[in-house]
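Some notes on the structure that comes next.
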Amino acid sequence: MNKRIEPIARTALGLLLLFYGFIFVLPEGSQAAAMFPKPRLGDEALVFVKAIMDTNSLLYLLVFAQLVLGLAMLTRRFATIALIVLFPFSFALVWFHISMDPPTMLPALVLFVLNVYLIYVYKGNFKDLLKKAPKEPDGDAQ
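So for the sequence shown, the numbering used here puts the first residue at 105; every next one is plus one.
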């Protein structure tokens, strides 16, 4: 069953990341921006997002990471690392919506659930990361 659901979940996660990443890259007033409007946020959430947008560099870093992680999920290259990197972002996004803007939480919740599901599916890839003691390096490596 997992073999059928995993590619669908991975593709959905990748497309979700790319879609929301591209929404923030679209220039204001363009025809594409009119087709995909940015989500409406509540007052408290809007203040927080505006503060992030005013820093410029942080916003570009977040959007860049989102696009790279989306591509990693779609191409399945470095998907395990992408899932690890994405987890704190997806958790923080859900927490943001719970605490500041619950009505717009659905995409964040879908992102988080897909992230957790894929971590579960890829759990075999995390075995070495979760060992108490790391492997000893080979004698040849210096």
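No residue lacks a Cβ here, since even glycine has one placed at the ideal position from N, Cα and C.
Check                                                                                               : Outcome
The segment 194-213 touching the segment 221-228, judged by at least three CB pairs closer than 8 Å : no
Distance CB(leucine 145)-CB(isoleucine 156) smaller than 7 Å                                        : no
Under 7 Å between C-beta atoms of methionine 204 and glutamate 240                                  : no
Run of the alpha helix (DSSP H) containing leucine 221, from where it starts to where it stops      : For the record, residue 221 in the displayed sequence is tyrosine; it is not leucine. From DSSP, the alpha helix (DSSP H) with tyrosine 221 extends over 210-225.
Own chain, CB closer than 8 Å to arginine 180, minus 5 neighbours either side, in chain order       : Arg114
For valine 129 and asparagine 160, the rounded distance between their alpha carbons                 : 12 Å
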